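The block underneath contains the structure these notes are about, expressed in structure tokens.
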Amino acid sequence: MTPRFDISGLDDVIHGRVRLGVVAYLASAEVAEFTELKTLLEVTQGNLSIHLRKLEEAGYVSIDKSFVGRKPLTRVRLTETGRAAFAGYLRAMGQLVEQAGGPG
Numbered sequence: 001m002t003p004r005f006d007i008s009g010l011d012d013v014i015h016g017r018v019r020l021g022v023v024a025y026l027a028s029a030e031v032a033e034f035t036e037l038k039t040l041l042e043v044t045q046g047n048l049s050i051h052l053r054k055l056e057e058a059g060y061v062s063i064d065k066s067f068v069g070r071k072p073l074t075r076v077r078l079t080e081t082g083r084a085a086f087a088g089y090l091r092a093m094g095q096l097v098e099q100a101g102g103p104g
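Under full-length UniProt numbering, the very last position in the sequence shown is 104; numbers go up by exactly one each time.
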């Protein structure tokens, strides 16, 4: 009999490669500038904007926009809701690895 894999705990908002990268980075960095994330994740400005919007709509990140002189500055922070969602995501991934018989 094939074992049942419970993937219900995997948060679809976080599970995408770029969004997972953003959340994982912010979990330790606390705050990151838009250009820093764009470079780190090797994505286009438009692609990152779309993923940040999804995270913001879910309440996982807060985005602060300001200006330094005449240059726009966008800073992204992980919210408490986002931090809790990431912790839940990591737990769910750990359980999935255990179900698969992998290390953990």
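Beta carbons are placed, not taken as given, at the ideal position from N, Cα and C, and that holds for glycine.
As the structure is a computational prediction, the values presented were derived from the model and not from experiment.
Going by DSSP in three states, residue i sits in which element: helix, strand or coil?
{"i": "Ser-66", "result": "strand"}
{"i": "Arg-19", "result": "helix"}
{"i": "Val-31", "result": "strand"}
{"i": "Leu-78", "result": "strand"}
{"i": "Leu-10", "result": "coil"}
{"i": "Val-43", "result": "coil"}
Does the Cβ-Cβ distance between residue i and residue j come in under 8 Å?
{"i": "His-51", "j": "Val-23", "result": "no"}
{"i": "Leu-26", "j": "Val-61", "result": "yes"}
{"i": "Ala-84", "j": "Asp-11", "result": "no"}
If you draw a straight line from the C-alpha of residue i to the C-alpha of residue j, how long is it?
{"i": "Thr-74", "j": "Val-31", "result": "10 Å"}
{"i": "Glu-36", "j": "Ser-28", "result": "14 Å"}
{"i": "Lys-71", "j": "Glu-33", "result": "13 Å"}
{"i": "Glu-42", "j": "Lys-65", "result": "21 Å"}
{"i": "Gly-9", "j": "Gly-69", "result": "44 Å"}
Cutting at 8 Å between CB atoms, please list the residues of its own chain near residue i, excluding the five before and the five after it.
{"i": "Glu-56", "result": "Ser-62, Ile-63"}
{"i": "Gly-59", "result": "Thr-79, Thr-81, Gly-82"}
{"i": "Arg-91", "result": "Gly-9"}
{"i": "Ile-7", "result": "Ala-92, Leu-96"}
Within its chain, find whatever has a CB closer than 6 Å to the CB of residue i; leave out the 5 residues flanking it on each side and keep chain order.
{"i": "Arg-77", "result": "Val-31, Ser-62"}
Counting only beta-carbon separations shorter than 8 Å, does residue i have a partner in chain C?
{"i": "Thr-74", "result": "Looking at the structure shown, chain C is missing, and only one protein chain is on hand."}
Using 10 angstroms around the beta-carbon of residue i, count the other beta-carbons present and answer buried if the total reaches 16, otherwise exposed.
{"i": "Arg-19", "result": "buried"}
{"i": "Ile-14", "result": "buried"}
Which residues in the same chain as residue i place their Cβ atom closer than 7 Å to its Cβ, once the five residues preceding and following it in sequence are excluded?
{"i": "Thr-44", "result": "none"}
{"i": "Lys-54", "result": "Val-13, Arg-19"}
{"i": "Leu-40", "result": "Tyr-25"}
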